[in-house]
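A quick write-up on the structure given underneath.
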Amino acid sequence: MTGSALRRLAAAWLLACTASVPAAGQSGLERFEDLSRSFRSVYDRVAPAVVLIQTLGEMQRLPRFHPPVPPRGDGDGLSGLGSGVIVSAAGHILSNHHVIKGADSIRVTLHDRRRFPARVVGVDSLIDIALLEIDAPGLPVASLGRSEDLLIGDWVLAIGYPLGMGTTLTHGIVSALGRRARVIEDDYGIESFIQTNAVINPGNSGGPLLDLQGRVVGINTAISTRTGFFMGYGLAVPIDLAREAMDDFLVYGRVVRGYLGVEISDVDDELVRREDLDLSPPRGVYITRIEPRAPADRSGLSVGDVVLAIDGQPVDLTNEVQTRIYGRDPGERVELTVLRAGRRQLVPVVLGEREESLLLARGRLLARRLGLTLGSMAGDQALRLGFTREEARRLKLPESAGVVVITGVEPGSPAARLGLEVDDVITEIDRTAVVSLDQFVRHLARLKAGKSALLWHWRQGRGIDVRALPIHAVEENPP
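The sequence shown begins at 4 in this note's numbering and counts up one residue at a time.
Here it is as structure tokens:
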């Protein structure tokens, strides 16, 4: 259908709606005017809290689902853009992880055109959420709603900076809830998106999805597209998930999520027939694998169990299980209703935490105890230090954001006593090349207390040197 045909159809529908309302009541046109006033009210209240996020970094760092972002063309060297929403007067901004992933620097432009550098408070790649912070007075703040209260068919609005233009308002309805789209590039990614037909284009990522009261109910994340532009629906991270991550960043400095330790799949007709399950119609979530020594293993769960409910709340999709467990803390007790050999059973489980998360937390704590603050080398920093691509290749290091550099050394600390300095590039630890910050931190976490690690580092004008780094005991349960 052509654009003109669509416009004629819309005009005819509007005329029919208006004509069908009794004269004694409110006319169809008046109803649309009321809706327009609601839209304008939301925009006036929330748009000041929506920000433009620009990054200096490589465009290929965008995830596979994200279309190319057009260049700004303002000559300032900024290469990526997205949106964000201010959620506290202290300057906290919610956005997407993929908007700032791998960025060398981040700049935030407010609705009133003020510009501020931003720092990353925390990221959760499993739900594609980032929390940023700026130091700015007199900030407008958006209110957070509850995505749990959304229903299919509810009106929603999106505000952002599509295509690098100014703040833009679009509207639509909630088209689906709990949608999976395979857009998060992680085996443990948690996808339970709000699907909407509100128009979302490149640059909208990280901006708020709003209800008619102007409350943030989601963070716009992705679009379904073959052209790079909007083709029918967008996806948003539910604000309930984003708020869980944000609260953890602010309280613990990292994401702390419950961990069950299972691999699961949806139950369908084929699975019911193959496994001879007593389920008609098909429902629940099937356990296909249990991690050894994980909470699920210790609780007595078995491969082949069908999880029907968690704490009495029915579950029918894998992402429902993920989000219910995600919202709980390690150490909390949950009760699973499972179908096993044709009989329902209640299985209590005390949740744990993923080993990967614990390793990163332990490694960061150890780095702090050594007196080290670490970061990934920015492009302008590499230029200042003379750390060229040729030097990176010679040292068998990545040429961009994977290079680990010391950004701070605490006076009097073990690192300071060893002579480590700001701008030293860490190249190897115990003969293992350091190719990313997370990899280095994980390696630290695995080192045994009371031992020393051999640390190779590069310094401008001196080249490579080596130090024996003392490893101190790390708390079993880091904060």
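The C-beta atom is built at its ideal place from N, Cα and C for all residues, glycine as well.
Just so you know, these numbers come straight off a predicted model, no measurement behind them.
Under the 8 Å Cβ criterion, the segment 444-453 counts as touching the segment 356-375, having at least three qualifying pairs. The beta-carbon separation of Thr58 and Gly83, rounded to 4 Å, stays under the 8 Å limit for a contact.
Nearest in C-alpha terms to Ala419, of all of Ala452, Leu400, Ala370 and Asp433, is Ala370.
DSSP places Gln463 in the coil class of the three-state scheme, outside both helix and strand.
For the pair of segments examined, the segment 137-151 was found to touch the segment 206-224: the number of CB pairs separated by less than 8 Å reaches three.
By the criterion of at least three beta-carbon pairs nearer than 8 Å, the segment 88-98 is in contact with the segment 125-139.
Residue pairing for Pro120: DSSP places it in a beta bridge opposite Arg110. Around the beta carbon of Phe252, 16 or more other beta carbons lie within 10 angstroms, which makes this residue buried.
Leu304 sits away from Ile313, with the two beta carbons spaced by 8 Å or more.
By the CB criterion at 8 Å, Leu354 and Leu440 fall outside the cutoff. Using a Cβ distance threshold of 8 Å, Val275 and Arg292 do not count as a contacting pair. Straight through space, the alpha carbons of Val341 and Arg286 are spaced by roughly 11 Å. Between Ile109 and Ile56 the beta-carbon gap is near 7 Å, inside 8 Å, which marks them as a contact. Taking the C-beta atoms as reference points, Ile222 is found no nearer than 8 Å to Gly237.
Distances from the alpha-carbon of Arg116 to those of Pro165, Ala52 and Lys104 put Ala52 closest. Within the model, the alpha-carbon separation for Thr376 versus Ala385 is close to 17 Å. Residue environment for Leu457: exposed (fewer than 16 other C-beta atoms within 10 angstroms of its C-beta). In the same chain as Trp461, and ignoring 5 residues on each side of it, the C-beta atoms closer than 6 Å to its own belong to Val428, Thr430 and Ile467, in chain order. If the five residues before and after Asp269 are omitted, its C-beta is found closer than 8 Å to the C-beta atoms of Val288, Tyr289, Asp319, Leu320 and Thr321, all from its own chain and listed in chain order. Taking 8 Å as the upper bound for CB-CB distance, Ile155 and Val177 are in contact here, some 5 Å apart. Ranked by Cα distance from Arg347, the options Glu358, Leu280, Ala395 and Val265 are led by Leu280. Sequence-distant Cβ neighbours of Tyr164 in its own chain, meaning closer than 6 Å and more than five residues away, are Leu55, Ser86 and Gly206. Contact between Tyr329 and Ile193 holds, since their C-beta atoms are separated by about 6 Å, short of 8 Å. Straight across, the Cα-Cα distance linking Thr224 with Thr199 is about 11 Å.
Using a Cβ distance threshold of 8 Å, Val90 and Val123 do not count as a contacting pair. A residue is called buried once 16 or more other Cβ atoms fall within 10 Å of its Cβ, and Phe196 is buried on that count. In the structure shown, Arg149 adopts coil according to DSSP, grouped into three states.
Relative to Arg387, the option among Thr170, Gln463 and Ile137 whose CA is nearest is Gln463. Gly422 and Ala448 have their C-alpha atoms some 22 Å from each other. Taken atom to atom, the span from the alpha-carbon of Arg343 to that of Arg257 is near 37 Å.
For the segment 250-324, the continuous beta strand (DSSP E) assignments of 3+ residues that do not extend past its boundaries occur at 265-269, 288-293 and 309-313, in sequence order. Of the candidates Ala471, Arg392 and Glu278, the residue whose Cα lies closest to the Cα of Leu373 is Ala471. Rounded to whole angstroms, the separation of the alpha carbons of Gln316 and Gly141 is 43 Å. In the assembly as shown, Phe35 is an exposed residue. Its beta-carbon has fewer than 16 other beta-carbons within 10 Å. If you draw a 10 Å sphere on the C-beta of Arg434, you find fewer than 16 other C-beta atoms in it, and that means exposed. Considered as a whole, the segment 396-452 harbours 407-412 and 428-432 as its complete beta strand (DSSP E) runs of no fewer than 3 residues, in chain order.
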